[in-house]
Amino acid sequence: MGKRDRQGPRPAYVTLRDLPGTRLMFWVVGECPYCAERHLHPAGNLRTADPGERLGEHTAPCDPTLTYELQLPPRPKKKSGKQARRKERREGKAPALDELSWDDE
Numbered sequence: 001m002g003k004r005d006r007q008g009p010r011p012a013y014v015t016l017r018d019l020p021g022t023r024l025m026f027w028v029v030g031e032c033p034y035c036a037e038r039h040l041h042p043a044g045n046l047r048t049a050d051p052g053e054r055l056g057e058h059t060a061p062c063d064p065t066l067t068y069e070l071q072l073p074p075r076p077k078k079k080s081g082k083q084a085r086r087k088e089r090r091e092g093k094a095p096a097l098d099e100l101s102w103d104d105e
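Read in our numbering, the sequence shown has 30 at position 30, and its numbers run on one by one without any break.
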């Protein structure tokens, strides 16, 4: 029919963990896009391997006919800082703290 029928690899967000007492690292899929379970994928040796090389398309352990793409989770958006608050006050969008009174509540 269209793009909806295509079965491409789904994104699977991962975190990097090491196995205590060893030099092994694993990419941990917190929630599989197909079965919602946790899966592990080897990422290499702690001292010599680059774990970023192991990201990408992998077969899902729950169903070998399906694939997903190991990806790092998206970074959260930055909160507006002090400069942004000052700019809003200058433009009149937000009242200054001095202008607020206890009677407004």
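The C-beta atom is built at its ideal place from N, Cα and C for all residues, glycine as well.
Predicted, not measured: the structure shown is a model, and the values here were computed from it.
{"Check": "Would you check if the distance between the CB atom of Arg23 and the CB atom of Leu40 is smaller than 8 Å?", "Outcome": "no"}
{"Check": "Alpha carbon to alpha carbon, what distance is there between Lys77 and Ala60?", "Outcome": "30 Å"}
{"Check": "Specify the secondary structure class of Arg38 as computed by DSSP and reduced to three states.", "Outcome": "coil"}
{"Check": "Looking at Val28 and Gln71, is the spacing between their C-beta atoms short of 8 Å?", "Outcome": "no"}
{"Check": "Quick check on DSSP: helix, strand or coil for Pro51?", "Outcome": "helix"}
{"Check": "Return the first residue and the last residue of the alpha helix (DSSP H) that Glu69 is part of.", "Outcome": "Where Glu69 is concerned, there is no enclosing alpha helix (DSSP H), although the beta strand (DSSP E) it sits in stretches over Asp63 to Gln71."}
{"Check": "Return the bridge partner residues of Pro11 from the DSSP annotation.", "Outcome": "Glu69"}
{"Check": "Which residue wins for smallest C-alpha separation from Pro64, given the options Tyr34, Ala49, Lys87 and Arg86?", "Outcome": "Tyr34"}
{"Check": "So, is Ala84 buried or exposed, given that buried needs 16 or more other C-beta atoms within 10 angstroms?", "Outcome": "exposed"}
{"Check": "Indicate whether Ala43 and Ala49 have their beta-carbon atoms separated by less than 8 Å.", "Outcome": "yes"}
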